[in-house]
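Report on the following structure.
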Amino acid sequence: MSTFPWRHVLPGALAAFFLLGGTLNIFASPEIRADYDRWGYPGWFPYLTAALEWTAAVLIAIPRTRLAGHVLGAGVMGAAALTVLLHGEFSHAIPPLVVLALLGLSGGWLLRQGNVARP
């Protein structure tokens, strides 16, 4: 009898989150574009964010590159949290901070288990 691979559940959910986030940025609604404008980012910035989120999703989905995906995703979420905090939108910082914590938890499990790519 096979057992369910629980160690892939959280990384799978994180990969799905970044895939969805990248898609929402590449096909940004007027509200999302207005947010980027309000924060002072150039018009192409949602595309850069989408590319980084999609890259993080792919890296997290592949076990050998999972830790690199966690690091990239943490950078994206850290930047998102910092952006909204610096603009006084404190309640908007909660989602990226939660994802950042989940990335830390999942990445910690990876490091503890030794399931990371070695150079």
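In terms of the working numbering, the sequence shown opens at residue 2 and continues consecutively.
Don't be surprised by glycine CBs; every beta carbon is placed ideally from N, CA and C.
Next on the checklist: Can you tell me whether residue 97 is buried or exposed? The criterion is at least 16 other CB atoms within 10 Å of its CB, across all chains shown.
Outcome noted: buried
Checklist entry - Is it true that the segment 33-52 meets the segment 61-69, where meeting means three or more beta-carbon pairs spaced less than 8 Å apart? => result no
Checklist entry - Is the Cβ-Cβ distance between residue 101 and residue 78 less than 8 Å? => result yes
Checklist entry - Using CA coordinates, which residue listed in 104, 111, 7 and 114 is at the minimum distance from residue 19? => result 104
Checklist entry - Taking 7 Å as the line, does the beta carbon of residue 104 fall inside it for any heavy atom of the ligand MN? => result Inclusion of the ligand MN in the displayed structure is not the case, the ligand content being empty and no account of it being possible.
Checklist entry - Would residue 56 pass as a contact of residue 83 if the rule is Cβ separation under 8 Å? => result no
Checklist entry - From residue 24 to residue 58, what distance separates their C-alpha atoms? => result 11 Å
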